[in-house]
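Below is one structure; the comments refer to it alone.
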Amino acid sequence: MQNALALEFEQRRNPHPLSPSERAAILDDPGFGTNFTDHMAVATWTQADGWHDSAVVPYGPFAIDPATAVLHYAQEVFEGLKAYRHPDGSVWLFRADRNADRFARSAARLALPVLAPADFLGSIEGLVAADLDWVPSGGEKSLYLRPFMFASEAFLGVRAAHRVTYCCIASPAGSYFASGVKPVKIWISTTYTRAASGGTGAAKCGGNYAASLIAQQEAAEHGCDQVMFADAAEHTWLEELGGMNVYLITTDGELITPELTGSILEGVTRDSILTLASEWGLNPVERRISVAETLDGLRSGRISEVFACGTAAVITPIASLHNDEGDVVVGSGEAGEVTSALRTALMDIQYGRAEDRHNWLRQIA
Ligand SMILES: *Cc1c(COP(=O)(O)O)cnc(C)c1O
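Everything in the sequence shown is counted per my numbering, starting at 223 for the first residue and increasing by one.
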């Protein structure tokens, strides 16, 4: 059921916010995903009444009945985006309409009710307005926003829940890399896959992440930082990392990313890079690319750089690829020149240091 009227996210202020000095200490060195602001946005959906009870409320735990459906059947979706403070103090979102639309598509795939994109954006604006002092400034810092929705009905029958909770929390984030951008080692798993045709790979849902954790452990056992998944049917075609899309750069200026086949998540960062590529004199190519072609290209030198991309870490250079047959170093094993330039170009737009030619930014404060 879709409500015709926009939801209101009225502020119910936290009577016990952190003190300015406590907050300043966190913003000084926020880390990632461990500190949360004073408020959260919430809304409830029921089959009978649609979306209602929306508000910005003090941050705090949910009371969860042990029979709550999400704990048993994982009916849940989420998003991840950031609020950036510009040098003049204003606060902006980057392509948040894309996150709003993807949240709606993810929800539909998981048989969850759709939250109208305007309400998704309204919840974020309401939350950031309440916690404006939590948006850090400078460097590579931001306020990471985590909207999510889950089956909150207490019922063990297997069907789409009749009660659903939406929430958005916010967490100040520092530079993803504590000491400069560090290229990562990638394990290409042939034991595990993350998503199959007809499955949930194109939806941003917790279940995909749960399925990827064991492969992440396999990567760690091989001395790698992250895992690269291949397609489920043939274990032949490159797909993506557990939470980031992937790009290859060739010496003749092609910027190649696996095409969206239904089992790859359509990243906002991936799409932004496709758009920026031509401005950089690179030729963006979306196509199937096999693991074998990738390894051969690295050995012959035709592929000069490889990187992963996503909102949290922006662009992460890949130092080497590893599989059962051995290792291949990417270029010199250091962050590639084009990779570094793309990372800077994208962040310059997000932080207001470069012109926003594509109208990607939306001011919220
Ligand atoms: C979120 C996510 C990405 C990156 O998407 P962005 O919109 O760029 O942050 C890539 N792959 C998976 C599986 C993801 O969940």
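Note that beta-carbon positions come from the ideal geometry of N, C-alpha and C, so glycine has one too.
- For residue 483, the three-state secondary structure derived from DSSP is coil.
- With a threshold of 16 other beta carbon atoms within 10 Å, residue 297 meets it and is buried.
- Runs of beta strand (DSSP E) with 3 or more residues, each lying fully within the stretch 236–301, are found at 261–268, 272–280 and 298–300, listed in chain order.
- Counting only runs that start and end inside the stretch 526–573, the beta strand (DSSP E) elements of at least 3 residues fall at 536–545 and 548–551.
- Here residue 517 carries a helix assignment [DSSP, helix/strand/coil].
- By a beta-carbon distance limit of 8 Å, residue 466 contacts residue 538. Their separation comes to about 7 Å.
- Residue 585 is bridged by DSSP to 314.
- Listed as beta-bridge partners of residue 385 by DSSP are 268.
- With a threshold of 16 other beta carbon atoms within 10 Å, residue 581 falls short and is exposed.
- Taken through DSSP and simplified to helix, strand or coil, residue 501 comes out as helix.
- The stretch 418–425 makes contact with the stretch 449–465: 3 or more CB pairs, one atom from each, lie closer than 8 Å.
- Ranked by Cα distance from residue 285, the options 344, 375 and 230 are led by 375.
- The beta carbon of residue 403 is closer than 6 Å to those of 557 in its chain, skipping five residues each way along the sequence.
- The Cβ neighbour count for residue 555, taken over all protein chains shown within 10 Å, is under 16; the residue is labelled exposed.
- Not one heavy atom of ligand 1 is found less than 8 Å from the C-beta of residue 449.
- By alpha-carbon distance to residue 410, the top candidate from 381, 446, 426 and 392 is 446.
- Across the structure, residue 281 and residue 423 are spaced so that their CA atoms are roughly 31 Å apart.
- The DSSP-derived three-state label of residue 343 is helix.
- Annotation for residue 466 indicates a beta carbon within 8 Å of some heavy atom of ligand 1.
- Fewer than three beta-carbon pairs drawn from the stretch 305–318 and the stretch 474–483 are found closer than 8 Å, and the two stretches are therefore not classed as touching.
- With 16 or more neighbouring CB atoms inside 10 Å of its own CB, residue 392 falls in the buried class.
- By the Cβ rule, the stretch 519–528 does not count as touching the stretch 457–464, because fewer than three pairs are nearer than 8 Å.
- About 23 Å separates the beta carbons of residue 268 and residue 368, which is beyond the 8 Å limit, so they are not a contact pair.
- Between residue 302 and residue 317, the alpha-carbon positions lie close to 12 Å from each other.
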